[in-house]
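Remember, the numbering used here sits 115 above the position in the sequence shown when you count from 1.
Virtual Cβ for every residue (Gly too), placed ideally from N, Cα, C.
Note that this is a predicted model, so its numbers are computed, not measured.
Note sheet for the following structure.
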Amino acid sequence: KHAGSARGLCISSCFYERTEHHPDIIQALIRSLGNAEQICQKFGVMLVGIPAALRECGEKQVREFLDQTRFNKPVIDYRKYIGEYASASATAAVLGIKLLQLNRIPARLSGERDIGLDGKGVLLIGTGTFVTAIEIFQS
Numbered sequence: 116k117h118a119g120s121a122r123g124l125c126i127s128s129c130f131y132e133r134t135e136h137h138p139d140i141i142q143a144l145i146r147s148l149g150n151a152e153q154i155c156q157k158f159g160v161m162l163v164g165i166p167a168a169l170r171e172c173g174e175k176q177v178r179e180f181l182d183q184t185r186f187n188k189p190v191i192d193y194r195k196y197i198g199e200y201a202s203a204s205a206t207a208a209v210l211g212i213k214l215l216q217l218n219r220i221p222a223r224l225s226g227e228r229d230i231g232l233d234g235k236g237v238l239l240i241g242t243g244t245f246v247t248a249i250e251i252f253q254s
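Right, here's the structure in full:
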């Protein structure tokens, strides 16, 4: 679905599964995004939502994803910046669009300095009871 920018930004929901119904949920998530190599090539940042009530589970899921993909670009726990509320992931999607429009991650989010996205997309991951993935990219 087009995000309404002149640049042709797109948002694609590509994964939504309940953890208890899927013992290898992180492997399934990676398959839904292509494979580890494609993930590393397509995305310049990962925005991760880890609900406070499921922090231990969410952090484990993120570690497993990073271990299996070897994703070495910035990973931002967006709830630390946005807060803990029901529609935080929607706000994170807007943040992802803004990062893509800027083509960089501002120092306030990266923790050090501005980091360029080099035209790569944003991967928005939700963790916990449900694991979700949304791609934000230029069309």
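With contacts defined as CB atoms closer than 8 Å, alanine 208 and leucine 239 qualify as a contacting pair.
Look at serine 128 here: in three-state DSSP terms it is strand. At a Cβ-Cβ threshold of 8 Å, valine 246 and leucine 144 count as neighbours. Residue burial annotation: leucine 214 is buried, with at least 16 other C-beta atoms found within 10 angstroms of its C-beta. The beta-carbon distance between isoleucine 251 and leucine 232, rounded to whole angstroms, is 11 Å. This is too long to meet the 8 Å contact definition. Shown here for arginine 185: same chain residues with a beta carbon closer than 8 Å to its own, the five before and five after excluded, namely Ala151, Cys155 in chain order. C-alpha of phenylalanine 130 to C-alpha of glutamate 227: approximately 31 Å in a straight line. Put simply, the backbone Cα of serine 254 is about 30 Å away from that of glycine 198. Counting of Cβ neighbours within 10 angstroms places arginine 133 among the exposed residues, the total staying below 16. Cβ-Cβ separation between isoleucine 212 and leucine 124: approximately 6 Å, consistent with a contact (criterion under 8 Å).
One alpha carbon belongs to glycine 164, the other to lysine 175, and they sit about 13 Å apart. One Cα belongs to alanine 201, the other to glycine 234, and the distance between them is close to 30 Å.
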